[in-house]
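Protein chains in written order, with the working numbering: chain F, 24 to 164; chain C, 160 to 444. Note that CB positions come from ideal geometry on N, CA and C, so glycine has one too. Note that this is a predicted model, so its numbers are computed, not measured.
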């Protein structure tokens, strides 16, 4: 069976690189599912959850903006930020969320506010995915 | 003898100096290693985004009037210089300053400096210094890039400048860093040399005119970031080498002084023996 080759790259590192069966990705125009032999595509990613299916196993990665390119069954995702759901440290994310909330309460200039806001969005996303992932794992056991 | 005490003090000083420079060398070495790893980690991203941008521009024959791609009428240049905040890194800063002074006697530039050291030089020249940032002493993060890119956008989109250049240290190897001028805007991606181009994209979502600007902006950001990283690697490696030389020099001085000290000590002992012997002879006669 034809497989898809997926690469998730951020400026810091290569987060994921493997063969997969199916991918769900959050794009600006809504969530899309990608199967092998997909038409060539270039699109922008929204922040959200990448769901990777391989041999009936599900993995999820939190992504935060970026681009997705498909050509010849190769998917490249250039994310601004990405983290494996299993690597998310809930206490750290909560801390980041609280810090960002506090920062946003203060009077900030535009750029600092935008930074705090994106920090908040990111931590909320991480928390959402991490809790979902955890529940999923427990119900599997 | 006062001389031996003085020598002892000087030896002690040289030892302290060598300890300090040794420590600085080690700090620079570890920082350099981290920075090199970071630069390597960025490479995958850069390669990919370059390829996508190239394909996009080249393949589609998309005659874009995007301000990053075309040259506007302005004859001015936004010139950015990246330098370290701190000295003690050999000839790195001098080389940067020299490059800047030889190349830009004309006043058709707006100057932006990153790093305190070059700011001093830039302030002395006649060019319009529009902004200066600190480079920082730790590994540069993406956050450092955004204000720079905002500034570029400010000047480019309003047509105040037609090109953007960056002068920064190019890391050749640990021993050599060369100040180099990179023209980062307008983006030149069309000079494809026998790189394979994949078939044109079938689909764009939402549309190419919406993807291209953000893709190019990201490309610009990552280019600037890479130059920052490279400057940082250059700074740390230059510092490591110059501190290693300083340590070696201090060791040489310690050796010379120790030799002198031992000679003085021996001379003193000989003199004392001569005195005693002289005294004994005169007492015996």
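Expressed to the nearest angstrom, what Euclidean distance is found between the alpha-carbon atoms of residue i and residue j?
i, j, result
"residue 33 of chain F", "residue 376 of chain C", "15 Å"
"residue 436 of chain C", "residue 182 of chain C", "50 Å"
"residue 136 of chain F", "residue 103 of chain F", "19 Å"
"residue 30 of chain F", "residue 80 of chain F", "17 Å"
"residue 241 of chain C", "residue 427 of chain C", "56 Å"
"residue 327 of chain C", "residue 65 of chain F", "33 Å"
"residue 504 of chain C", "residue 334 of chain C", "Absent from the structure is residue 504 of chain C, since the part of chain C shown begins at 160 and ends at 444."
"residue 209 of chain C", "residue 378 of chain C", "7 Å"
"residue 26 of chain F", "residue 59 of chain F", "6 Å"
"residue 169 of chain C", "residue 417 of chain C", "10 Å"
"residue 296 of chain C", "residue 394 of chain C", "10 Å"
"residue 256 of chain C", "residue 276 of chain C", "9 Å"
"residue 228 of chain C", "residue 272 of chain C", "24 Å"
"residue 390 of chain C", "residue 171 of chain C", "36 Å"
Among residues of its own chain, excluding the 5 on either side of residue i, which ones have a beta-carbon nearer than 8 Å to its beta-carbon?
i, result
"residue 385 of chain C", "198, 201 and 205"
"residue 392 of chain C", "191, 194, 195, 198 and 330"
"residue 399 of chain C", "184, 187, 188, 191 and 333"
"residue 232 of chain C", "318 and 321"
"residue 51 of chain F", "66, 67, 68 and 69"
I want to verify the contact list: residues of chain C whose CB lies under 8 Å from the CB of residue i, in sequence order.
i, result
"residue 99 of chain F", "207 and 211"
Do residue i and residue j have their CB atoms nearer than 9 Å?
i, j, result
"residue 294 of chain C", "residue 396 of chain C", "no"
"residue 44 of chain F", "residue 76 of chain F", "yes"
"residue 320 of chain C", "residue 343 of chain C", "no"
"residue 409 of chain C", "residue 177 of chain C", "yes"
"residue 236 of chain C", "residue 269 of chain C", "yes"
"residue 115 of chain F", "residue 88 of chain F", "no"
Using the beta-carbon of each residue, which ones in chain F are nearer than 7 Å to residue i?
i, result
"residue 365 of chain C", "51 and 52"
"residue 373 of chain C", "67"
"residue 203 of chain C", "32 and 37"
"residue 200 of chain C", "35 and 36"
"residue 412 of chain C", "None at all; the shortest Cβ gap to chain F is about 44 Å."
"residue 381 of chain C", "34"
Suppose the cutoff is 7 Å on Cβ atoms and the five residues either side in sequence are ignored; what does the same chain contact list for residue i look like?
i, result
"residue 353 of chain C", "The predicted model places residue 353 of chain C with a pLDDT of 47, which falls under 50 and marks its position as unreliable; any figure quoted below should be read in that light. Result list for residue 353 of chain C: empty, nothing under 7 Å."
"residue 225 of chain C", "371, 372 and 375"
"residue 82 of chain F", "75"
List the residues of chain C whose Cβ lies closer than 7 Å to the Cβ of residue i, in chain order.
i, result
"residue 142 of chain F", "Those do not exist, as residue 142 of chain F stays about 11 Å from chain C at its closest Cβ, beyond 7 Å."
Could you list which residues in chain F have their beta carbon closer than 8 Å to that of residue i, in chain order?
i, result
"residue 120 of chain C", "Chain C is shown from 160 up to 444; residue 120 of chain C falls before or after that span and cannot be answered."
"residue 301 of chain C", "34"
"residue 384 of chain C", "34"
Mind pulling the chain F residues with CB within less than 9 Å of residue i?
i, result
"residue 370 of chain C", "65, 66, 67 and 90"
Need the endpoints of the alpha helix (DSSP H) that residue i sits in, please.
i, result
"residue 405 of chain C", "367–443"
Please report the residue range of the beta strand (DSSP E) in which residue i lies.
i, result
"residue 326 of chain C", "322–330"
"residue 337 of chain C", "336–344"
"residue 121 of chain F", "Not the beta strand (DSSP E): residue 121 of chain F falls in the alpha helix (DSSP H), residues 113–128."
"residue 91 of chain F", "89–94"
Can you give me the Cβ contacts of residue i inside the same chain, cut-off strictly under 6 Å, excluding the 5 residues immediately before and after it?
i, result
"residue 314 of chain C", "237 and 320"
"residue 166 of chain F", "Because chain F here runs from 24 to 164, residue 166 of chain F falls outside it and cannot be looked at."
Kindly examine the ligand HEM and report whether one of its heavy atoms sits closer than 8 Å to the Cβ of residue i.
i, result
"residue 443 of chain C", "No copy of the ligand HEM occurs in the structure displayed, which carries no ligand at all."
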